[in-house]
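Engineer: The sequence shown lines up with residues 90 to 242 when you count with my numbering. Where a beta carbon is used, it is the ideal one built from N, C-alpha and C, also for glycine.
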Amino acid sequence: MKLSTKGKYGLRALIDLAQYSEDSPVSITSIARRQDISERYLEQLMSKLKKAGLVKSIRGANGGYVLAKEAKDISVGDVLRALEGNLEPVECAGLDPEGECKGADSCVTKYVWKRINDSINQTVDEIWLNQLVTESKCLGHTDNHLDYTKCKN
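Structure (structure tokens):
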């Protein structure tokens, strides 16, 4: 499975939004600048995330974006599915009850594909946005170097 820039940049943008929108909405411009993402591309990503119910836009002079839910209630899977669609790297008609796979009854490889698909979905569904915000704060910067003394490890 290979994620596109939609998934990678969108997740970075949402982590940024979660970090900076606690007090007020965050502008596309500020997220784009901090994350080095094109504003136009970021607008497209935010539109998809808004449609999925993960962010809300606030109009006006002090407008911008905020999370539509608490960061602890948004999984990486939610974000990636909103931007990438289905995350399963293997489509197998034998796994679909209505699939038209002629060899489904005697095919054992479908169990391999199911385990791979289930493993990916389980992994991204068990990582929460608030955990990534905490990890991001852990990686503080001092003199352009990462300060690992802020980390728990």
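Just list the residues that DSSP pairs Trp217 with in beta bridges.
Structural biologist: Answer by DSSP bridge pairing, in chain order: Ser164.
Engineer: Asp105 to Lys191, Cα distance in whole Å?
Structural biologist: Whole-angstrom Cα-Cα distance: 47 Å.
Engineer: With contact counted as at least three CB pairs below 8 Å, one residue from each stretch, are the segment 164 to 182 and the segment 218 to 227 in contact?
Structural biologist: Enough Cβ pairs lie closer than 8 Å, so yes.
Engineer: Considering only DSSP beta bridges, list what Val115 is partnered with.
Structural biologist: Val115 pairs with Tyr154.
Engineer: Under three-state DSSP, which class holds Ile209?
Structural biologist: In this structure, Ile209 counts as helix in the three-state DSSP scheme.
Engineer: Roughly how many angstroms lie between the CA atoms of Ala171 and Ala121, to the nearest whole one?
Structural biologist: The alpha-carbon atoms of Ala171 and Ala121 are separated by roughly 19 Å.
Engineer: In terms of DSSP beta bridges, what is Ile147 paired with?
Structural biologist: Answer by DSSP bridge pairing, in chain order: Gly153.
Engineer: Where do the ends of the alpha helix (DSSP H) carrying Leu99 lie?
Structural biologist: Per the sequence presented here, residue 99 reads as Gly, with Leu not at that position. Note, Gly99: alpha helix (DSSP H), 94 to 109.
Engineer: Can you give me the C-alpha to C-alpha distance between Lys140 and Ala157, rounded to a whole angstrom?
Structural biologist: Answer to the nearest angstrom: the Cα atoms are 11 Å apart.
Engineer: Give me the residue from Val197, Ile163, Asn206, Glu173 with the minimum Cα distance to Glu180.
Structural biologist: Cα-wise, what sits closest to Glu180 is Asn206.
Engineer: Rounded to the nearest angstrom, how far is the Cβ of Leu134 from that of Lys95, given a contact under 8 Å?
Structural biologist: Correct: roughly 6 Å between the Cβ atoms.
Engineer: Please classify Cys196: does DSSP put it in a helix, a strand, or coil?
Structural biologist: It is coil, neither helix nor strand.
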